Amino acid sequence: MEESKKKPNAISRMPAGFMGLSKPVMIGIAVACIVLALGITIIRSTGGNGGIEGLERGTMMMVKCANPTCGVIYDIDEVDYFLFLEEYEDEMDEDEDVAPAMECKECGKRSIYRAIKCKNEKCGEIFFANSVPESYEDTCPKCGFSEIEDLRRRAP
Ligand SMILES: [Zn+2]
Ligand SMILES: [Zn+2]
């Protein structure tokens, strides 16, 4: 008779334990689904099928001139940057891991690189991407803040 008492207990305990675990697991799955959906959306909107030609114009990115006598900062369309990168690919040394420079519309030198504005409200420094070695691409050389790092730290 003892066994018949134990069995219902074991069964009733299992769903209780499962329910306790399932909530964070379900949230995790939901978050993963959202991230996945966003990823697919981004891939599609950046022309997963159509390549660069399928890209939509309108997303601006900041660039800065590395020529010390110029130093101009302006926005370009991301599509133009991608088109430039694609064009540059042919003449780029495969072993070379340096980001290509675009021609500056102010000084005419090939010294335009992607720039990032520091997301630290107290700082706001504008700097080149990957300014800080062995760090994140958006790590600020002035205050050390990185939005990527900050977001990763906040993530559960
Ligand atoms: Zn310039
Ligand atoms: Zn900063």
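In this note's numbering, the protein residues as written are -3 to 152.
Quick reminder that beta carbons are idealized off the backbone N, C-alpha and C, glycines included.
Everything numeric in this text was worked out from a predicted model, so none of it was measured.
A Cβ-Cβ separation of about 6 Å places I69 in contact with A111 under the 8 Å criterion.
For Y132, there is no enclosing beta strand (DSSP E), since its DSSP letter is neither H nor E.
Judged by their CB atoms, L51 and V21 are not nearer to each other than the 8 Å cut-off. For ligand 1, no non-hydrogen atom lies closer than 7 Å to the CB of K115.
For K60, the closest of Y109, L34, K138 by C-alpha to C-alpha distance is Y109. In this structure, the straight-line span from the alpha carbon of V31 to that of Y132 is close to 21 Å. Contact residues of ligand 1 (beta-carbon closer than 6 Å to any heavy atom; chain order) are C61, N63, C66, V68, C100, E102, C103, K105, S107.
Distance between P137 and G120, taken at the CA atoms: about 11 Å. Counting only residues of its own chain and dropping the five nearest sequence neighbours on each side, D134 has a CB closer than 6 Å to the CB of I112, S142, E143, I144.
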